[in-house]
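J.: Protein chains in written order, with this note's numbering: chain Z, 616 to 1006; chain L, 79 to 427.
1) Can you give the Cα-Cα distance for residue 298 (chain L) and residue 199 (chain L), rounded to whole angstroms?
2) I need the boundaries of the beta strand (DSSP E) containing residue 319 (chain L), first residue and last residue.
3) Between the alpha carbons of residue 262 (chain L) and residue 625 (chain Z), how many angstroms are there, rounded?
4) Tell me whether residue 935 (chain Z) sits in a helix, a strand or coil according to DSSP, three-state version.
5) If you draw a straight line from the alpha carbon of residue 688 (chain Z) to that of residue 221 (chain L), how long is it in whole angstroms?
6) Compile a chain-ordered list of the residues in the stretch 401-420 of chain L whose CB is closer than 7 Å to at least one CB of chain Z.
7) Using the three-state DSSP reduction, which class does residue 247 (chain L) fall into: helix, strand or coil?
8) Which of the three DSSP states is assigned to residue 372 (chain L) in this structure?
9) Label residue 232 (chain L) either buried or exposed according to how many other C-beta atoms from any shown protein chain fall within 10 Å of its C-beta, with 16 as the threshold for buried.
10) For chain C, find out if any of its Cβ atoms is closer than 8 Å to the Cβ of residue 998 (chain Z); answer yes or no.
11) Along the chain, where does the alpha helix (DSSP H) that runs through residue 740 (chain Z) open and close?
12) When DSSP builds the beta bridges, which residues end up paired with residue 404 (chain L)?
13) Output the residue ranges of the alpha helix (DSSP H) runs that lie fully inside the stretch 144-209 of chain L and measure 4 residues or longer, sorted by chain position.
14) For a cutoff of 8 Å on Cβ pairs, would you count residue 425 (chain L) as touching chain Z?
15) Taking beta-carbon pairs under 9 Å, can you tell me which members of the stretch 347-367 of chain L lie near chain Z?
16) Look at residue 723 (chain Z) and residue 697 (chain Z) and say whether their C-beta atoms are less than 8 Å apart.
17) Let me check one thing: in DSSP terms, what residues is residue 645 (chain Z) bridge-paired to?
18) By Cβ distance, which residues of its chain are closer than 8 Å to residue 985 (chain Z), with the 5 residues on each side in sequence left out?
19) Beta-carbon separation of residue 767 (chain Z) and residue 748 (chain Z) under 8 Å?
20) Which of the three DSSP states, helix, strand or coil, is assigned to residue 969 (chain Z)?
21) Looking at residue 644 (chain Z): is its Cβ nearer than 8 Å to the Cβ of residue 672 (chain Z)?
22) Pick out the complete beta strand (DSSP E) segments inside the stretch 895-966 of chain Z, 3 residues or longer, and give them in chain order.
23) What are the boundary residues of the beta strand (DSSP E) that includes residue 715 (chain Z)?
24) With H, G and I counted as helix, E and B as strand and the rest as coil, what does DSSP make of residue 866 (chain Z)?
25) Distance check for residue 719 (chain Z) and residue 931 (chain Z), CA to CA, integer angstroms please.
26) For a quick check, are the C-beta atoms of residue 752 (chain Z) and residue 769 (chain Z) less than 8 Å apart?
27) Between the alpha carbons of residue 785 (chain Z) and residue 915 (chain Z), how many angstroms are there, rounded?
28) How is the alpha helix (DSSP H) around residue 63 (chain L) delimited, first residue to last?
29) Just checking: is the beta-carbon of residue 844 (chain Z) within a distance shorter than 8 Å of some beta-carbon in chain L?
30) Count the other CB atoms, across all protein chains shown, that sit within 10 Å of the CB of residue 237 (chain L); report buried if there are 16 or more and exposed otherwise.
31) Assess contact between the stretch 122-129 of chain L and the stretch 158-178 of chain L, defined as three or more Cβ pairs (one per stretch) separated by less than 8 Å. Is contact present?
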């Protein structure tokens, strides 16, 4: 397949692997965090680990949009979708308007994330909620146009990559005066999450998480550009190499990171130059700025409340904001006690460090979000790599 | 004035008519539908007897029986429809025992309001597939459910076949060292179907591979009567089928990604949908496992058959207490090819 096979070439991979092995100083260990779930997935699916020397260690980051969605936000979506149905506590009394003609449109793997009371969107669907999987925000808008008797809510999640399409449908809905459409916004920001990790006690004080550099986001960076990472590289002295999601991209980024560490440099380099510029996509950025504003704080699974790390609709677009339209109240729900997703998302623990990994928690019966999405660290290790840890 | 013609019944309007509850009521309307549609299309001496059952001669060897219910959406897709699929699927399930399929039964569950024109197309496609396979549909049943209680049409088919004494093909017979073969490119059917699913319409030239594989199986059994396992990787794709066999046989498997045949169009469609072709359904492909010494002969027999032109050896059976299916990736690393978890869902970003 043209334009894909070139980036998965085994021979080139061996060449880069040899260069990494040669460059890596045997007297030290290199710990690099791949921020994005897309990288985690590529590393596991193509067996990138097998091509790295033992002293180059990859640490999974929190960049999986489904994984970082906290239980509380999913509970809110479920409650909304179940509409007139009464929910058992501790969700408590419903908030705002009770409507039973809600159609909740969601990206696919969100439906399996476990929420409170043994529910998930998939289970809510089985209970009668009208929950539909869509491939894009535009599909949700189309459903609202085609079914004017339904209150169509788009469950918008994701990092900067999925934010511009959401902005676009909000503007489009406003232009058409589409009153039966709204968006439940859960868009989060990559730079805030990276800063939060670098500021965490595990990294700064306890030293339990060693990070020598970052494999920087691919698709996110096509929107925001490479410039936002310059602050981390300078302020925290951590090299960042923006890399594409193909396995050769990852290999090359790792080589560039090893060389930066060896040279004592800490700058932003761009391996993914075929798609990413320093400034990013100006049109997408202005679209987002027109429709969204920063939330003061937002809860991330694993990271807790992170200041200025998420977006909400500006007042001008309030009519299309599901939270305001239906009076949804934000709530915080603690993760399952046995689940280590939080520590795994911060890079503090590995999937196999979790007691329920592969026993109570599997892709069929996920207890935590990291086991749900194919980009989650636990699902990736379970699906592609668990033979490595099976004695 | 001429007297009304005796026994005259106005023919069914196959152009504009729809299924109604009377078509399943056991009355005259049902009898007419059977006469004008099912009997006309499937015509054979057993059906012509008009009994509620077929009386068949006992064949030599051991009987093989398989049943399959078909609920595909959409009903018509590039390369086939639910009708021919319901014949191919069951013929193949019987054939995968190394057997010769002999007869089929067909049970229809129709939804009230379903266009008779579509039903006719489906039934005629089934009849054509049965004739091509040389496997007659010898008895059947029709029921109608109220509108909203079905999805147009569901078809159950049961197949009966015969396997000679001495042919022992079974999913528990894979042994470490055995070769793993596939008969051709993977994922064609699933991608053809997905290209038409709601919200997912994309243009493609990919056609479903739906086909009866029993003549290919016969050629393979002829060449290597001791073939250990045969299975058609339908739902869940190759990955699921290999995991099933690994568990049944108590062994592991090691695949070479570079040797697994996948059409570039299928690979491309899977790429942008975020799917893995190893998990996508096939309806006209099979997996074979045989002793290493027989692999060349089996591969040659497969390639000599039109349905096995792209056949390939893709890996080997290994000892593994965990029954893992592992794969050396084209990239040079290793990974597992696990059971499918839930449904294949597209990635977000």
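Just so it is clear, CB atoms sit at the ideal spot from N, CA and C, and this is done for glycine as well.
All figures in this text were calculated on a predicted structure; none of them were measured in a lab.
T.: Concretely, from the data shown:
1) Residue numbering aside, residue 298 (chain L) sits at position 220 when the second chain is read from its first letter. Residue numbering aside, residue 199 (chain L) sits at position 121 when the second chain is read from its first letter. C-alpha separation (whole angstroms): 33 Å.
2) Residue mapping note: residue 319 (chain L) aligns to position 241 of the second chain, counting from 1. Segment 315-327 is the alpha helix (DSSP H) holding residue 319 (chain L); no beta strand (DSSP E) there.
3) In the second chain, residue 262 (chain L) corresponds to position 184, counting from 1. In the first chain, residue 625 (chain Z) corresponds to position 10, counting from 1. If I take the Cα positions, the gap works out to 23 Å.
4) Translated into positions along the first chain, residue 935 (chain Z) becomes position 320. In this structure, residue 935 (chain Z) counts as helix in the three-state DSSP scheme.
5) Here residue 688 (chain Z) refers to the residue found at position 73 when the first chain is read from its first residue. Here residue 221 (chain L) refers to the residue found at position 143 when the second chain is read from its first residue. Near 46 Å, if we compare the C-alpha coordinates of residue 221 (chain L) and residue 688 (chain Z).
6) 402, 404, 407, 408, 409, 410, 411, 412, 413, 414, 416, 419 and 420
7) Mapped onto the second chain, residue 247 (chain L) falls at position 169. Here residue 247 (chain L) sits in coil by DSSP.
8) In the second chain, counting from the first residue as 1, residue 372 (chain L) sits at position 294. Three-state DSSP puts residue 372 (chain L) in a helix.
9) Sequence index remark: in the second chain, residue 232 (chain L) carries index 154 (1-based). Residue 232 (chain L) is buried by the Cβ-count criterion.
10) No chain C appears in the structure shown, which is made up of the protein chains Z and L.
11) Within the first chain, residue 740 (chain Z) is the residue found at index 125, counting from 1. Its alpha helix (DSSP H) spans residues 736-741.
12) Position 326 of the second chain, counted from the start, is the residue given in the question as residue 404 (chain L). For residue 404 (chain L), which the question treats as bridged, DSSP gives the partners L:332 and L:414.
13) 160-173
14) Along the second chain, read from residue 1 onward, the residue named residue 425 (chain L) stands at position 347. Because residue 425 (chain L) carries a pLDDT of 49, less than 50, the predicted location of this residue cannot be relied on, and the following value inherits that uncertainty. For residue 425 (chain L), the nearest beta carbon of chain Z is closer than 8 Å to its own beta carbon.
15) 349, 351, 352 and 354
16) The residue you call residue 723 (chain Z) lines up with position 108 of the first chain. The residue you call residue 697 (chain Z) lines up with position 82 of the first chain. No, Cβ-Cβ distance for residue 723 (chain Z) and residue 697 (chain Z) is not below 8 Å.
17) Numbered from its first residue, the first chain carries residue 645 (chain Z) at position 30. Residue 645 (chain Z) is bridged to Z:671.
18) Here residue 985 (chain Z) corresponds to residue number 370 of the first chain, with the count starting at 1. So the qualifying residues of the chain are 679, 682, 956, 959, 960, 966, 991, 992, 993 and 994.
19) Start at 1 with the first residue of the first chain, and residue 767 (chain Z) comes out as number 152. Start at 1 with the first residue of the first chain, and residue 748 (chain Z) comes out as number 133. The answer is no: Cβ separation not under 8 Å.
20) Taking the first residue of the first chain as 1, we reach residue 969 (chain Z) at position 354. Looking at residue 969 (chain Z) - three-state DSSP - the assignment turns out to be coil, as it is neither helix nor strand.
21) Here residue 644 (chain Z) refers to the residue found at position 29 of the first chain. Here residue 672 (chain Z) refers to the residue found at position 57 of the first chain. Yes. Within cutoff.
22) If we require 3 residues or more, the beta strand (DSSP E) runs fully inside the stretch 895-966 of chain Z come out as 907-909, 912-915, 919-922 and 926-928.
23) As a working note, residue 715 (chain Z) is residue 100 in the first chain. Counting along the chain, residue 715 (chain Z) falls outside any beta strand (DSSP E), and DSSP gives it neither H nor E.
24) Within the first chain, the letter at position 251 stands for residue 866 (chain Z). If DSSP states are grouped into helix, strand and coil, residue 866 (chain Z) belongs with the helices.
25) Locating residue 931 (chain Z) in the first chain gives position 316, counting from the first residue. Locating residue 719 (chain Z) in the first chain gives position 104, counting from the first residue. Near 23 Å, if we compare the C-alpha coordinates of residue 719 (chain Z) and residue 931 (chain Z).
26) Within the first chain, numbered from 1, the residue matching residue 752 (chain Z) stands at position 137. Within the first chain, numbered from 1, the residue matching residue 769 (chain Z) stands at position 154. In contact: residue 752 (chain Z) and residue 769 (chain Z) (Cβ atoms closer than 8 Å).
27) On the first chain, residue 785 (chain Z) is found 170 positions in, with the first residue counted as 1. On the first chain, residue 915 (chain Z) is found 300 positions in, with the first residue counted as 1. About 24 Å.
28) No statement about residue 63 (chain L) is possible, as the shown extent of chain L runs from 79 to 427 and does not include it.
29) Counted from its first residue, the first chain places residue 844 (chain Z) at position 229. So no, residue 844 (chain Z) is outside the interface.
30) Looking up residue 237 (chain L) in the second chain gives position 159. Buried: at least 16 other Cβ atoms inside 10 Å.
31) no
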